[in-house]
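Those protein sequences? They're chains A and B, same order as listed.
If you use my numbering, the first sequence corresponds to residues 184 to 435, in order.
If you use my numbering, the second sequence corresponds to residues 22 to 256, in order.
Glycine included, every Cβ here is placed at the ideal spot set by N, Cα and C.
Here is the structure we will look at.
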Amino acid sequence: MNNRKFIYILLLILSWELISRVVGNDQLMPTSLVIAEKLWYELIEGKLWLYAFYSIVAIFIGLGISTILALSISLFSIKYKWVMDFFKFLNSILHPLPGIAILPILIIWFGVGYKAIFALVIHSVLWPIITNLFLALETFPKTLSMVGDNYEMGLLRKFWYIYFPGIMPSFISGIKTGWARAFRAVISAEMFFGVIGATGGLGWYLVKKRVFLDTTGIFAGLVVIIIIGIILERFVFNKLEKITIEKWGLKS
Amino acid sequence: MSIVLKNISKKYENKILFENINLEIDSGEFITIVGKSGIGKSTLLSIIGSFEKVDDGEVIFNEKSVKKPDRNRIIVFQTFDQLLPWKTVRENIEFPLIHTNSNGLDIEKLLDELDLKSVENLYPHQLSGGMKQRVAIGRSIITKPQVLLMDEPFGSLDVGTRQNLQRLVLFLWKEYNITIVFVTHDVSEAVLLGNRIWILNESEIIEIENPIMRPRDQMAANYQMFVGELIKNIK
Ligand SMILES: Nc1ncnc2c1ncn2[C@@H]1O[C@H](COP(=O)(O)OP(=O)(O)OP(=O)(O)O)[C@@H](O)[C@H]1O
Ligand SMILES: [Mg+2]
Chain A
184 MNNRKFIYIL LLILSWELIS RVVGNDQLMP TSLVIAEKLW YELIEGKLWL
234 YAFYSIVAIF IGLGISTILA LSISLFSIKY KWVMDFFKFL NSILHPLPGI
284 AILPILIIWF GVGYKAIFAL VIHSVLWPII TNLFLALETF PKTLSMVGDN
334 YEMGLLRKFW YIYFPGIMPS FISGIKTGWA RAFRAVISAE MFFGVIGATG
384 GLGWYLVKKR VFLDTTGIFA GLVVIIIIGI ILERFVFNKL EKITIEKWGL
434 KS
Chain B
22 MSIVLKNISK KYENKILFEN INLEIDSGEF ITIVGKSGIG KSTLLSIIGS
72 FEKVDDGEVI FNEKSVKKPD RNRIIVFQTF DQLLPWKTVR ENIEFPLIHT
122 NSNGLDIEKL LDELDLKSVE NLYPHQLSGG MKQRVAIGRS IITKPQVLLM
172 DEPFGSLDVG TRQNLQRLVL FLWKEYNITI VFVTHDVSEA VLLGNRIWIL
222 NESEIIEIEN PIMRPRDQMA ANYQMFVGEL IKNIK
C-alpha cells in the first residue's frame with residue numbers, strides 16, 4: 184500500500200469519527216473505535232469468520248464448477264464450430280440477466296440451500312468466463328495449433344498443453360469479473376435464505392444483525408465484506424492477472 | 022525418394038490453384054519455391070506437410086500415402102506467434118521432445134549453434150525477430166525430422182539478420198542431413214539456398230536445377246545472371 188492510500192484511509196476514519204461523534208447515536212452511526220471493538224468481538228466470539236468462510240467456500244466451489252464447465256465448452260468449441268455458436272447465442276441471452284433475478288426460479292428448482300447458491304454462482308461466473316475464453320479462442324494463433332498437429336497431439340493434449348495456457352490470461356480476467364458478480368449475488372441470496380449449513384453466510388449475518396437492531400454488528404459485517412473484496416480482487420486476482428500478462432508478454 | 026505429390030488438384034471456392042500437378046522431392050534436397058504473391062506457395066507447402074487437404078491426388082511420404090501432419094515433416098512459419106509465449110527459449114525448443122518421447126539432438130550443442138545460449142531463459146516477447154526465428158528453427162529440428170517445410174521464415178527480418186539465418190539454415194541442412202522445402206519471394210535467396218528451384222506460375226510449375234556451385238557468391242556475375250533469368254520466368 185502506498186503512502187497516499189494510507190493517508191486516505193486515515194482521513195476516512197477521522198471523518199467517520201468526527202461525524203459519528205456529532206451524530207452521537209450508536210444505533211445510527213457508531214464511532215470507529217466501537218466498530219473496531221465489535222469487529223474483534225464478532226470475529227472471535229460471534230464466529231463472524233465462520234460466516235465469511237461459508238460465503239467464500241460457496242463462491243469458490245461455484246467457481247470451480249464453472250471453470251470445469253467453461254473449459255469443457257471451450258474444448259468442444261475447438262472441435263465443433265456449432266458448439267461455440269450455440270453457447271455464444273446462449274451467452275447473449277443469459278449474460279445480461281442479473282443473478283439475483285433468477286433466484287426465485289432457482290429456489291423452486293433446487294430448494295433453499297447450497298444447490299441454489301451454487302447454481303447462482305455458476306450463472307454469475309460462467310458467462311463472463313465464456314465471453315473471455317471465446318474471444319481468446321477466436322484470435323488464437325493458427326500456427327500454435329499447427330505445432331500441436333505437427334507433433335501428432337490429440338485434441339485433449341493440444342488443449343491442455345497449447346490452448347489452455349494460451350488462453351490463460353483471458354481465463355483469469357474472466358474469473359476476476361465473474362468473482363465480483365458472484366460475491367454480490369451470493370450475499371444477496373444469503374439474505375433470502377437464512378441459515379444453511381451450520382451458520383449461514385455473510386448475507387444472513389447482516390440480516391440477523393438488522394433484526395436485533397445491532398447497528399455496530401452490521402458495520403462489522405460490512406468491514407469484513409470490504410476486506411474480503413479487497414484481498415481477493417487486489418491481492419489474488421490482480422496479482423494472477425499481472426503475472427500472466429507479464430509472462431505472456433501481452434502488456435502493450 | 023522422400024516425398025511424391027501425385028496428380029494433386031486444389032481449389033478454393035472457385036479459384037483453381039493447382040490442377041493435376043506431379044512433383045518429387047528427394048531426401049536431402051534443398052528445394053526453394055518462388056512465385057508472385059497469392060499464387061499458392063504457402064498452400065503448396067501446407068499440402069506437402071498434409072496441413073491442407075487436397076481435392077484430388079495424393080501425397081506420398083516414405084512410400085506411404087499420408088493424410089495428416091506428422092513429426093517427420095515439420096513446418097516453420099514467418100509469423101512470430103508460432104512460439105509458445107509462456108515458455109522460455111529453452112522450453113520452447115524442448116517442447117517437441119516432451120511430446121514425442123524422443124531424445125532428439127543435444128540441446129546444449131543446438132543452443133550453441135543457434136547462438137541462443139545467452140537468452141535461453143528469456144520469454145519470446147523479450148527476443149528480437151531474428152532470435153525468435155532461431156528459436157523456431159531450433160524447435161523444428163530438435164526431434165531430427167526428415168523434412169523441414171519453411172514458409173518465408175525470414176520474411177520479416179532485416180537484411181543483416183537474414184544473411185545470418187541463411188548461413189545458419191545451410192549449416193543445419195548439411196550438419197543434420199535434413200530435406201528442406203523453403204518458400205520465399207526473394208529470388209536471390211532462393212538461388213542462394215536451393216539445389217532446385219520451383220517457380221509457381223498461374224498454369225505451370227517450372228522446375229530448375231540450380232547451376233551455381235556452393236559456396237555461392239551473391240556478387241558473382243553468373244549468380245546475378247541466373248537470378249535475372251529466373252525473375253523473367255515468374256509470371
Ligand atoms: N483458407 C482459404 N480459403 C480461401 N482461399 C484461400 C485460403 N487460403 C488461401 N487462399 C487463396 O489461395 C491463394 C493462394 O494463397 P497462398 O497463401 O498459398 O499464396 P502465397 O503464394 O503463399 O502468397 P504470399 O506470397 O502472399 O504468401 C490466394 O489467392 C488466397 O487468397
Ligand atoms: Mg504465403
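Under the three-state reduction of DSSP, Arg94/B is assigned to strand. Between Ala363/A and Phe301/A, the C-beta gap is not smaller than 9 Å, which leaves the two residues out of contact. Glu335/A has a beta carbon lying within less than 9 Å of a beta carbon in chain B. Per the C-alpha coordinates, the member of Val25/B, Asp77/B, Leu65/B, Phe51/B positioned closest to Asn41/B is Asp77/B. According to the DSSP assignment, Tyr144/B belongs to no alpha helix (DSSP H), since it is labelled neither H nor E.
For Ser328/A, the uninterrupted alpha helix (DSSP H) segment begins and ends at 325-333. The Cβ-Cβ distance between Ile218/A and Phe402/A falls below 9 Å. Beta-carbon to beta-carbon, Leu135/B and Ile158/B are separated by about 7 Å, close enough to satisfy the 8 Å threshold. Relative to ligand 1, Tyr33/B has its C-beta within less than 8 Å of a heavy atom. Collapsing the DSSP output to three states places Val202/B in a strand.
At least one heavy atom of ligand 2 is found less than 8 Å from the C-beta of Asp172/B.
For ligand 2, no non-hydrogen atom lies closer than 8 Å to the CB of Lys36/B. Contacts with chain B (Cβ-Cβ distance below 9 Å) from the stretch 317-334 of chain A involve Pro324, Lys325, Thr326, Leu327, Met329, Val330, Gly331, Asp332, Asn333, Tyr334, listed in chain order. Relative to ligand 2, the beta carbon of Val266/A is positioned no closer than 8 Å to any heavy atom. The C-alpha of Ser67/B is placed about 18 Å away from the C-alpha of Glu225/B.
Within 7 Å of the CB of Phe98/B, the CB atoms of chain A belong to Thr326, in sequence order along the chain. Distances taken from the Cβ of Leu65/B to the heavy atoms of ligand 1 include one shorter than 8 Å. When the beta-carbon positions are compared, Pro117/B and Ile163/B come within less than 9 Å of each other. If you look at Tyr33/B, you'll find it in the beta strand (DSSP E) that goes 24-33. For Lys430/A, the chain B residues whose C-beta falls within less than 7 Å of its own C-beta are Trp107, Tyr144, listed in chain order. Taking the beta carbon of Ile162/B as reference, no residue of chain A falls within 7 Å; the closest one sits roughly 12 Å away. For Ile52/B, the shortest C-beta to heavy atom distance toward ligand 1 is 8 Å or greater. Short note on Val204/B: C-beta closer than 8 Å to some heavy atom of ligand 2. Nothing from the stretch 276-293 of chain A brings a Cβ to less than 9 Å from some Cβ of chain B. Spanning the alpha carbons of Leu273/A and Phe101/B requires a straight line of approximately 35 Å. Per DSSP, Asp238/B is not a residue of any alpha helix (DSSP H), being assigned neither H nor E. Not a single heavy atom of ligand 2 lies less than 8 Å from the C-beta of Lys325/A. When DSSP reads this structure, Lys36/B sits in a beta bridge with Tyr33/B. When the five nearest sequence neighbours on each side are left out, the beta carbons in the same chain lying within less than 8 Å of the beta carbon of Gly61/B are those of Lys31, Leu38, Phe39, Leu221, in order along the chain. If you draw a 10 Å sphere on the C-beta of Leu131/B, you find 16 or more other C-beta atoms in it, and that means buried. Contact of Ile81/B with chain A is not assigned, every C-beta pair being separated by 9 Å or more.
Just so you know, the alpha carbons of Leu137/B and Asn83/B end up roughly 33 Å apart.
The three-state reading of DSSP puts Gly181/B in helix, counting H, G and I together.
When DSSP reads this structure, Gly56/B sits in a beta bridge with Leu221/B.
Taking Thr214/A as the centre and dropping the five residues before and after it, the same chain places the C-beta of Glu200, Ser203, Arg204 closer than 7 Å to its C-beta, in chain order. Lys85/B is bridged by DSSP to Phe82/B.
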